[in-house]
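To start, the structure itself, in structure tokens.
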Amino acid sequence: MIGIVGGGLTGLSLAHELARRGVDHVVLEADVRPGGVIRSGRIEGRLLEWGPQRARLVASLDRYVRELGLEGDVILADPDLPLYVYAAGKLREVPSSGWGWLGGDLLTWGAKVRMAFEILTAGPRPEETVADFLVRKLGRQPYERIAGPLYGGLYASDPADMVVGLSLGPVLRELGVKRSLLLPLLVGRSRIDGPAACSFTHGMQTVTDALYEANRDAVRLSTPVERIRPGERRRWAVETPAETVEVEEIVLTCPAEAAARILADVAPHAAGAIASLHYNPLAVVHLHADTDLEGFGYQVSLEEDLATRGVTWNDSLFDRDGVYTAYLGGAKRPGVVEELDDRIGEIATQEFERITGHGARVLAVARVTMPAWDRSWAALKGLEVPRGIRLAASWESRPGIPGRLAQANRLAEALTRQASARSRSRWSR
Ligand SMILES: Cc1cc2nc3c(=O)[nH]c(=O)nc-3n(C[C@H](O)[C@H](O)[C@H](O)COP(=O)(O)OP(=O)(O)OC[C@H]3O[C@@H](n4cnc5c(N)ncnc54)[C@H](O)[C@@H]3O)c2cc1C
8 MIGIVGGGLT GLSLAHELAR RGVDHVVLEA DVRPGGVIRS GRIEGRLLEW GPQRARLVAS
68 LDRYVRELGL EGDVILADPD LPLYVYAAGK LREVPSSGWG WLGGDLLTWG AKVRMAFEIL
128 TAGPRPEETV ADFLVRKLGR QPYERIAGPL YGGLYASDPA DMVVGLSLGP VLRELGVKRS
188 LLLPLLVGRS RIDGPAACSF THGMQTVTDA LYEANRDAVR LSTPVERIRP GERRRWAVET
248 PAETVEVEEI VLTCPAEAAA RILADVAPHA AGAIASLHYN PLAVVHLHAD TDLEGFGYQV
308 SLEEDLATRG VTWNDSLFDR DGVYTAYLGG AKRPGVVEEL DDRIGEIATQ EFERITGHGA
368 RVLAVARVTM PAWDRSWAAL KGLEVPRGIR LAASWESRPG IPGRLAQANR LAEALTRQAS
428 ARSRSRWSR
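When we follow this note's numbering, the leftmost residue of the sequence shown carries the number 8, and every step to the right adds one.
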């Protein structure tokens, strides 16, 4: 039996993969609902997302869409929609093709010429900060207006607090980037592409709801894991308020703070390292506005002194009737989330109006946290957990939805191999 702690996307997709392979498992989820940070709902009849606004329709997600019968619910975003950055007082389009960098008004001519020298600069160095790396490669303006907000925005982090070897480096390695960031854009593939961004008629939660429905016999909601301890016959005893479950392997998919608490007795050193990981606080403000804006949305240049980090234009992205989702705070302005809801809503609408020229009203204010993937991730170097405990979490490997699905799939393969080895050795005894 495999015990999966957490019924977010990672835990549910791992359960689905194990069920497909016939491996016995149970998912223990603390909350009354499955899905973790993926949460969709309606206010005034309008669909809002409190977690991810979209996902790339990668092969693993597409497979789930077909297996779970969700084909009719998928909404694909128009890949030609522009993405903007708010810089030097106006919204400016981010070029979508390699040679497009030559045009547009996002960068000054001086900055474009400087950026051309990127090809001559050295590749990533593991110990430098992401900010130093991007400034060294591209120059300050492309860093502050494009690369910094786009990359840091994924984690609500400040790239000056992120270290290449701990975050961007592994991503570049996976993309096959050794030295030049621009060359792959200029040669071969000319567009910054990849699978289309998608959502679902009833929001991103459609996927986790469907995964839960397909696997509900193995999922126990309202079952927080408090601690684990060694059990009988080399098993682990997983303690919850209502019961103790004996398992051969435990997979922790829960946030770092919960994982650290659960590991405290059996792996105090690892628990301490995991507890030191930093999460960025973000305010998520859903706005309603009547506009003619067409695009994915915008990020805010690092040069600007605003609380808003970026805004997703759900209205034009997925035809969501005047809905805009603003993210405020993060590493740049963590104090914003401490304000009262009314004040956060006021800041969001004022900045939205200043940037887009359109008035807006607040639909909802919420607070979330995101793994920062900053310097504090150095604590995970050389991390060791006892045999039979596995980590598969958004703080442990790539946090995006494609990354979560890929890890669940890899882990299901490994656990299946191990389960067969265990049953072979039982038979041979
Ligand atoms: C605001 C936001 C926006 C995002 N936007 C995007 C995006 O646009 N595109 C994209 O690809 N990705 C995005 N992501 C990332 C992606 O959505 C997440 O990394 C992914 O959904 C995390 O899933 P998970 O199952 O690993 O973790 P979680 O969703 O955190 O699930 C962990 C589960 O563990 C449970 N748990 C906690 N403690 C215990 C306990 N003691 N016992 C049992 N269960 C416990 C929790 O209740 C939770 O359900 C975003 C994330 C956030 C927060």
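For glycine and all other residues, C-beta sits at the position ideal for the given N, C-alpha and C.
* If we count the other Cβ atoms within 10 Å of its Cβ and call it buried at 16 or more, is R198 buried or exposed? -> Here the question's residue 198 lines up with position 191 in the sequence shown. Unreliable positioning characterises R198 in this predicted model, as indicated by a pLDDT of 45, which lies under 50. The coordinate reading is nonetheless provided below. Flag for R198 reads exposed.
* Whole-angstrom distance between V30 and A6, CA atom to CA atom -> The requested residue 6 does not occur in the structure, where the chain is confined to residues 8 to 436.
* Asked: W243 by DSSP, collapsed to three states: which one?
  -> Along the sequence shown, read from residue 1 onward, the residue named residue 243 stands at position 236. In this structure, W243 counts as strand in the three-state DSSP scheme.
* Cβ-based burial, H293 [other Cβ within 10 Å; buried from 16] -> The sequence position of residue 293 within the sequence shown is 286, counting from 1. Around the CB of H293, 16 or more other CB atoms lie within 10 Å, so the residue is classed as buried.
* **Beta bridge counterpart(s) of R53 as assigned by DSSP** => Residue mapping note: residue 53 aligns to position 46 of the sequence shown, counting from 1. For R53, which the question treats as bridged, DSSP gives the partners I50.
* Asked: Does the Cβ-Cβ distance between I281 and I235 come in under 8 Å?
  -> On the sequence shown, position 274 is the one that residue 281 refers to. On the sequence shown, position 228 is the one that residue 235 refers to. Contact: no.
* Note down, in chain order, each residue of its chain lying with its Cβ closer than 8 Å to the Cβ of P89, except the 5 sequence neighbours on either side. => As a position in the sequence shown, residue 89 is number 82, starting the count at 1. Answer for P89: E100, V101, S103, E301, G302, F303, listed in chain order.
* Rounded Cβ spacing between L259 and A400 (contact assumed at less than 8 Å) -> The count along the sequence shown starts at 1 and reaches residue 259 at position 252. The count along the sequence shown starts at 1 and reaches residue 400 at position 393. About 6 Å separates the two Cβ atoms, so the contact holds.
* Give, in chain order, every unbroken run of the alpha helix (DSSP H) that is at least 4 residues long and sits entirely within the stretch 147 to 204. => 155 to 162, 175 to 181, 190 to 193
* Throw me the rounded Cβ distance for the P262 and P248 pair, which I believe falls under 8 Å. => For this step, residue 262 is matched to residue 255 along the sequence shown. For this step, residue 248 is matched to residue 241 along the sequence shown. Not a contact, Cβ separation roughly 19 Å.
* **Opposing strand residues paired with R63 [DSSP bridges]** => On the sequence shown, position 56 is the one that residue 63 refers to. Bridge partners of R63: A204.
* **L75 and A217 closer than 8 Å at C-beta** => In the sequence shown, counting from the first residue as 1, residue 75 sits at position 68. In the sequence shown, counting from the first residue as 1, residue 217 sits at position 210. Result yes, Cβ atoms of L75 and A217 sit closer than 8 Å.
* How about R61: is its Cβ closer than 7 Å to a heavy atom in ligand 1? -> In the sequence shown, the residue the question calls residue 61 occupies position 54. The answer is yes for R61.
* Cβ-heavy atom distance between V65 and ligand 1 below 7 Å? -> Stepping through the sequence shown from its first residue, residue 65 is reached at position 58. For ligand 1, not one heavy atom lies less than 7 Å from the Cβ of V65.
* **Check: S401 C-beta below 7 Å from any heavy atom of ligand 1** => Within the sequence shown, numbered from 1, the residue matching residue 401 stands at position 394. Yes, the beta carbon of S401 sits closer than 7 Å to at least one heavy atom of ligand 1.
* Can we say the stretch 364 to 372 touches the stretch 341 to 355, given the rule of at least three CB pairs closer than 8 Å? -> Yes, they touch.
* C-alpha distance - R40 paired with I11, whole-angstrom precision -> The count along the sequence shown starts at 1 and reaches residue 40 at position 33. The count along the sequence shown starts at 1 and reaches residue 11 at position 4. Roughly 16 Å separates the two Cα atoms.
* Can we count A203 as close to ligand 1, meaning its CB is less than 7 Å from some heavy atom? -> What you label residue 203 is simply residue 196 of the sequence shown in a count that begins at 1. The answer is no for A203.
* Within its chain, find whatever has a CB closer than 7 Å to the CB of E56; leave out the 5 residues flanking it on each side and keep chain order. => Here residue 56 refers to the residue found at position 49 when the sequence shown is read from its first residue. Excluding positions up to five away in sequence, the list reads S47, G210, M211, T332.
* N222 to R27, Cα distance in whole Å? -> In the sequence shown, counting from the first residue as 1, residue 222 sits at position 215. In the sequence shown, counting from the first residue as 1, residue 27 sits at position 20. Spanning the two alpha carbons is a distance of roughly 10 Å.
* Asked: According to the neighbour-count rule (16 or more other Cβ atoms, all chains shown, within 10 Å of its Cβ), is A419 buried or exposed?
  -> Taking the first residue of the sequence shown as position 1, residue 419 is located at position 412. Burial call: buried.
* Asked: Exposed or buried, what is A50 when buried is set at 16 or more other beta-carbons lying within 10 Å of its beta-carbon?
  -> To locate residue 50, count along the sequence shown from 1; it is residue 43. Looking at the sequence provided, one finds Ile at residue 50 rather than Ala. I50 should be labelled exposed.
* Asked: Mind checking A138: buried by the 16 CB within 10 Å criterion, or exposed?
  -> Position 131 of the sequence shown holds residue 138. By the neighbour-count rule (16 or more Cβ atoms within 10 Å), A138 is buried.
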